[in-house]
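Its first residue numbered 440, the sequence shown is counted upward by one per residue in my numbering.
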Amino acid sequence: MTDFVTHIRSRISDDREFVFVRDDGGTARLTFAELDRRARATAVWLAGRGLTDQPVLLLYPAGLDFTVAFLGCLYARVPAIPAPLPDAGAPHASRVRTLMRDAGARLVLTDPGHVSELSDLSAHVADHAVADPDAWTPPALSDATIAYLQYTSGSTSDPRGVEVSHGNLLHNLELFRLLARNTPVRRLAGWLPHYHDMGLVGLQLQALHAGAGLVFMSPTAFVARPVRWLEMISRYGADWTVSPDFGYAWCTRRITDEQLAGLDLSTLTMAVSGAEPIRAGTLAEFERRFAPAGFRPTTWNPGYGLAECTLMVTCVPQGQGVTVRRFDPSALQRNRAVPAPEGTPLVACGPVSGLDLRIVGLDGSGNVADGEIGEIWVAGPSVALGYRGRPAETRAVFLADDSAPHGRWLRTGDLGFLLDGQLYVTGRIKDVIIVNGRNLYPQDLEEAAARANPAAGRSAAFGVRRGDGREHVVLVQEVRRGQSGALGETAERIMDRVTREFGIPLSLMLVPRGAVRQTTSGKLRRRHMRELFLNGRLTPLHAELEPAVNDLLGTVA
440 MTDFVTHIRS RISDDREFVF VRDDGGTARL TFAELDRRAR ATAVWLAGRG
490 LTDQPVLLLY PAGLDFTVAF LGCLYARVPA IPAPLPDAGA PHASRVRTLM
540 RDAGARLVLT DPGHVSELSD LSAHVADHAV ADPDAWTPPA LSDATIAYLQ
590 YTSGSTSDPR GVEVSHGNLL HNLELFRLLA RNTPVRRLAG WLPHYHDMGL
640 VGLQLQALHA GAGLVFMSPT AFVARPVRWL EMISRYGADW TVSPDFGYAW
690 CTRRITDEQL AGLDLSTLTM AVSGAEPIRA GTLAEFERRF APAGFRPTTW
740 NPGYGLAECT LMVTCVPQGQ GVTVRRFDPS ALQRNRAVPA PEGTPLVACG
790 PVSGLDLRIV GLDGSGNVAD GEIGEIWVAG PSVALGYRGR PAETRAVFLA
840 DDSAPHGRWL RTGDLGFLLD GQLYVTGRIK DVIIVNGRNL YPQDLEEAAA
890 RANPAAGRSA AFGVRRGDGR EHVVLVQEVR RGQSGALGET AERIMDRVTR
940 EFGIPLSLML VPRGAVRQTT SGKLRRRHMR ELFLNGRLTP LHAELEPAVN
990 DLLGTVA
C-alpha cells in the first residue's frame, strides 16, 4: 500500500468517531464513515475547480471542519497547507500572504464563520453539502505524491514548507503503531493545534491510520483551563495522548486538588512527550502530582522528531518508562557525555528503530563514538522530500549521498548523542551559546534561573556577539505579578545562581509576564527573543547588563 488515502479508507466504519469538545463543553461528532463521505464531496468540489496538484491553504479554527477539508485535499490529490487563522491586525496576516507566495497557493479554504473576514485573501468554503460524494474518482497516488506542506515555525519573513509525501506519512505512522507493540489503540485525546506537526500527525492522522477514535479540544481552551484535557482522557477512557513538555508542566502548575479528585487517568497506556526539550523535572512532577488519579510511571513515552522527518525519529516504546541519566555538566559543554551522580539530568528519547541515525562530529570528521555529542543525522522512508521551492536549502539539509540508506541524509540541526542504544538530545546547533570554547545550552541556563526564583514566569536564554567575535549570555526573565517590589533582589538571586553554576557573566533583563514569546504549542522562540532584544523592542522592568552588551545595544534600558 503506497498512499494514505487507500489505507484509511480500508478502515472506514461507523463504530469509530472523531469528537471535538467545544470551549463551552458541548461536542461535535463525526463517524469515520461520515468523515469519508464529506471528504469525498470536498474532493469533488476541489477537482471541479481544476486544483489537482495545486497547493491550497487551510485556515480553520480547531474543530472537525479542518479534518474534513484536509482529508478532502488528500482525496483530490491537492497538497494541503495547514496554517493558523490570522488574528485581526496581527503579524499572522502577513505570514498568510507569505505562505501563499512561497507555496504558490491560489486558494484559501476556511469555515463559514471566517469566510467574510478572510475575503481579502479570496477565501472559500468547500461546501461538501452541494457536491455528490459518489461522483468522487480516486486519483492516481503513489508513495512519492505530495500529501501536504508542513510549514516550520521560522521567522515571519522566511517560512519553509516541508513537502511530506504519502510514503513519508505511511512510514512514520507505522513507526507510531509499532510503539504500541501491536496493542490496538482505541482512542486518542489531545489539544495540540492541527497546523502543528505533532497535532496533525501525532493526533489526527495517527487516529485515522490506527482506526482509533479521537477526542480533541482547542489549544486556547487547554491553556485557559488545562484540566479539560485530563477530563477528556477520564471521560472518554483514552489510552494515548501526546503533548510537548509545556502541556504536562502547565497541568502540574494549574490543576487544583479539587479538580484532581475527579480525574481517572488509569486508562492511559501512552503519554508521548516531544516537540521541544523534555525536562526530567516536568515528568517527575507530573507523575507525582497525578499518581493519585491512576497515572503510572510506565505510561511515559519521551520522543524526538521534526517536521523534516514527518514527525517522529525516535520514541520510547509502550511500557518501557523513562530513562533519566545524569552527566557531568563541564563535559557536556565540551561535547562529551560523562555520567556523574550529581550531574545534569537528561531524558532518553528512545532507541533507533525503523530509521537510520548517526551522530556526526561538528568538525565534519564523520561519525563520533557513543557518548560523544554531534549533529543528529537521519535517513529512511520518513524523511521528507525537501523544502517547497528551495532547491539550495533542500540540497544543504537533505544531503544526497549514494552510501546513505535511501540515498539521503537529513541534517537535523539538532545536537545529541547515543548511549546504551538510546538517543539523548542536548539542543539546537543554532541555539548553543559558545563561551570560551564551552557549549552552553539555553535550557540549562533557563532551568538554573527557575531554581533561583521558582515564582518567576518563562525565560529565554541566548547569545549576542560583538564585533570581536566574543559571545555574551543574555537571559530575559518574566516576573510574575507581586514581584515588582523586589526586582533588584530577584535579579541578584538569578545572576548569582547562573554565575555559580556556569562560571560565566550574565546579562539579565526582567520583563512583564507574557513578554517571552512562544509558539502555540508552548515552544520558546529564543531566536525571536534575541531579535527583539537587539532591536530594543522589549520593555524591561529591570536590567543588569554587561558593559559589552550595553555597548552593543547602544543605549541602557
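In this text, a Cβ means the ideal position worked out from N, Cα and C, and glycines have one as well.
- Within the DSSP bridge table, the entry for Asp-853 names Arg-867 as partners.
- Fewer than three pairs of CB atoms, one per stretch, sit closer than 8 Å, so the region 799-808 makes no contact with the region 733-741.
- Remark: C-beta atoms of Leu-617 and Phe-443 do not approach each other more closely than 8 Å.
- Counting only unbroken stretches of 4 or more residues, the alpha helix (DSSP H) elements lying wholly within the region 469-510 are 471-486, in sequence order.
- In this chain, the alpha helix (DSSP H) harbouring Thr-691 covers 684-693.
- Sequence-distant partners of Val-915 (beyond 5 residues in either direction) whose C-beta falls short of 7 Å from its own C-beta, in its chain, are Ser-898, Ala-899, Met-948, Val-950, Val-955, Met-968, Phe-972 and Leu-977.
- DSSP places Ile-672 in the uninterrupted alpha helix (DSSP H) bounded by 666-675.
- Setting aside the 5 residues that flank it on each side, Asp-550 is surrounded in the same chain by Tyr-499 and Asp-504, each with a C-beta closer than 6 Å to its C-beta; the list follows chain order.
- For the region 881-955, the full-length beta strand (DSSP E) segments reaching 3 residues or more read 898-904, 910-918 and 945-951 along the chain.
- Of the residues Pro-716, Gly-810 and Leu-801, the one whose Cα lies closest to the Cα of Trp-816 is Leu-801.
- In this structure the region 714-724 touches the region 778-792; the number of beta carbon pairs closer than 8 Å is three or more.
- With a 10 Å radius around the Cβ and a threshold of 16 neighbouring Cβ atoms, Ser-792 comes out exposed.
- A straight line joining the alpha-carbon of Asp-990 with that of Met-934 spans about 20 Å.
- For the set Val-569, Phe-655, Thr-695 and Ile-812, the Cα lying nearest the Cα of Ala-677 is the one of Phe-655.
- At the C-beta level, Ala-508 and Leu-469 stay beyond 8 Å of one another.
- In this structure, the CA atom of Ala-486 is about 10 Å from the CA atom of Ala-480.
- Leu-497 has its alpha-carbon roughly 9 Å from the corresponding atom of Tyr-634.
- In summary, Ile-585 is buried, with 16 or more beta-carbon neighbours lying within 10 Å of its beta-carbon over all protein chains present.
- Annotated three-state conformation of Thr-584 is coil, per DSSP.
- Non-local C-beta neighbours of Leu-984 in its own chain, meaning closer than 6 Å and more than five positions away in sequence, comprise Ser-946, ordered along the chain.
- Residue environment: His-845 is assigned as exposed (fewer than 16 neighbouring CB atoms within 10 Å of its CB, all protein chains considered).
- Residue nearest to Asp-795 within the set Pro-780, Ile-812, Pro-944 and Ala-818 is Ala-818 (criterion: CA-CA distance).
- Counted as a single uninterrupted DSSP element, the stretch harbouring Gly-606 is not any beta strand (DSSP E) but the alpha helix (DSSP H) occupying residues 605-618.
- Going by C-alpha positions, Leu-926 is about 29 Å away from Tyr-687.
- Annotation: the continuous alpha helix (DSSP H) that includes Arg-448 extends over 443-448.
- Inclusion of Ser-682 and Ser-657 in the CB contact set at 8 Å is not warranted, their separation being larger than that value.
- In the assembly as shown, Glu-928 is an exposed residue. Its beta-carbon has fewer than 16 other beta-carbons within 10 Å.
- In this structure Thr-491 is exposed. Its beta-carbon is surrounded by fewer than 16 other beta-carbon atoms within 10 angstroms.
- Apart from the 5 residues on each side of it in sequence, Pro-780 sits with its Cβ closer than 7 Å to the Cβ of Arg-765 in its chain, given in chain order.
- The same chain holds no residue with a CB closer than 6 Å to that of Gly-489 once the five nearest residues on each side in sequence are set aside.
- When secondary structure is reduced to three states using DSSP, Gly-744 falls in the strand class.
- Within the DSSP bridge table, the entry for Arg-847 names Ala-839 as partners.
- In this structure, Glu-832 is the residue among Glu-832, Gln-861 and Asp-767 with its C-alpha nearest to the C-alpha of Thr-851.
- The three-state reading of DSSP puts Thr-680 in strand, counting E and B together.
- Within a 10 Å sphere around the beta-carbon of Gly-629 sit 16 or more other beta-carbons, which makes this residue buried.
- Around the Cβ of Ala-776, a 10 Å sphere holds 16 or more other Cβ atoms; the residue is buried.
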